[in-house]
Amino acid sequence: DVKVTQSSRYLVKRTGEKVFLECVQDMDHENMFWYRQDPGLGLRLIYFSYDVKMKEKGDIPEGYSVSREKKERFSLILESASTNQTSMYLCASSSPLSGRFHEQFFGPGTRLTVL
Amino acid sequence: GESVGLHLPTLSVQEGDNSIINCAYSNSASDYFIWYKQESGKGPQFIIDIRSNMDKRQGQRVTVLLNKTVKHLSLQIAATQPGDSAVYFCAENIWYSSASKIIFGSGTRLSIRP
C-alpha cells in the first residue's frame, strides 16, 4: 500500500522558533509538494520539488524554505515561525513517469500552531 | 489570475439520494480536471479525473461532467452513503514551463442525513 508519512500530526511552536516539517514517501515518486490548508481557502502550494536537490516556488513561498536531499524525503522549514503560519500542512507526491502528474498522494497532515 | 472552485461550501443530502457537487473554473489551458475527497483527519484522496477534451467520465458510483462552454465541472455521486461524508475539492492541472501544478478549489463539505 502506497504511503506518504509526515513526522508529526500536531505541533505547537513559539513565535521566532525554527520549525522543521518532514515528509517521507515510499513510492519512489519524483515529485513532492508542500501545501497549507486554511478554512475557506482550500489547498495552497508553498513549494514543490521534481527531483533531488531541485525546488520550485509555489504560490505562497514567503516565510518558508525546503530541502530535498534524498528522493523519498522532502522537508519544509519555517526559519522564524510567526502566528500567521498557524495552519494545516499537507505533503504530497506524484510520479510524472506514470503520465498522471495530477494524481497526487497526500500524507495525513501536520497541524501546526504558532503561539 | 487562476481560480477554481467557486462552489457552495456545504451540501446536505439524504442517504440514498444522488449528490451533485458543482465547481467553476477560469483557466481554459488546463489539460485535466480532478476531484479529490478529504475525510476528517486525513489528507485529500484522488477520486476521479477528466481530460479536457472529454465531457463525461464515469467511475464506480461517481460521474464527472465537464462543460467547457461555461467552464463548469460537476461531480455526481450515486446512492450517497454515510462514508461519502467528506470535503470534496475540484482542481485543475496547469502546465507552465516544464512542470505542472494543481490549483485546488476551496472545497464543498458534503454531509449525509440518515
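In order, the protein sequences belong to chains A and P. Positions 1 to 115 (my numbering) are the ones given, in order, by the first sequence. Positions 1001 to 1114 (my numbering) are the ones given, in order, by the second sequence. Ideal Cβ positions, reconstructed from N, Cα and C, are used throughout, including at glycine. The structure presented is a predicted model; accordingly, all values stated were derived computationally and were not measured.
query = So, arginine 1051/P versus tyrosine 1036/P, is the Cβ gap smaller than 8 Å?
reply = No; because the gap between Cβ atoms is not below 8 Å, this pair is not in contact.
query = Does any CB atom of chain P fall closer than 8 Å to the CB of proline 61/A?
reply = no
query = So, isoleucine 46/A versus proline 61/A, is the Cβ gap smaller than 8 Å?
reply = yes
key: CB contact flag (tyrosine 1088/P, leucine 1073/P, <8 Å)   = One thing to note: tyrosine 1088/P has its Cβ no nearer than 8 Å to the Cβ of leucine 1073/P.
message = With H, G and I counted as helix, E and B as strand and the rest as coil, what does DSSP make of proline 108/A?
response = If DSSP states are grouped into helix, strand and coil, proline 108/A belongs with coil.
ask   = For the putative contact between leucine 1008/P and threonine 1069/P, defined by C-beta atoms under 8 Å, what is the C-beta separation to the nearest angstrom?
value = In fact, because the Cβ distance is near 21 Å, the residues do not count as touching under 8 Å.
Interface residues of chain P facing glycine 99/A [CB-CB closer than 8 Å] = Neighbours of glycine 99/A on chain P: none; closest Cβ ~11 Å, over 8 Å.
inquiry  = Just to confirm before moving on: does the CB-CB distance between histidine 102/A and aspartate 1049/P stay below 8 Å?
reply    = yes
inquiry  = Just to make sure I have the definition right: I need the residues of chain P whose C-beta is within less than 8 Å of the C-beta of glutamate 103/A. Which are they?
reply    = Ile1034, Phe1046, Asp1049
ask   = Whose C-beta lies closer than 8 Å to the C-beta of glutamate 56/A among residues of the same chain, with five residues either side of it excluded?
value = Excluding residues within five positions, the ones whose Cβ falls inside 8 Å are Tyr47, Phe48, Ser49, Tyr50.
ask   = Do isoleucine 1102/P and valine 1013/P come within 8 Å of each other at the CB atom, strictly closer than that value?
value = Not closer than 8 Å, so no.
task = Within the stretch 64 to 113 of chain A, note down every full beta strand (DSSP E) run reaching 3 residues or more, in order along the chain.
result = 65 to 70, 73 to 78, 87 to 94
ask   = DSSP three-state call for aspartate 1084/P: helix, strand or coil?
value = Under the three-state reduction of DSSP output, aspartate 1084/P falls in the helix class.
query = chain P partners of phenylalanine 48/A, CB-CB under 9 Å?
reply = Ala1099, Lys1101
task = Would you mind stating whether threonine 1063/P and glutamate 1015/P have Cβ atoms separated by less than 8 Å?
result = Contact: no.
task = Output the distance between the C-alpha atoms of leucine 97/A and asparagine 1067/P, rounded to the nearest integer angstrom.
result = 29 Å
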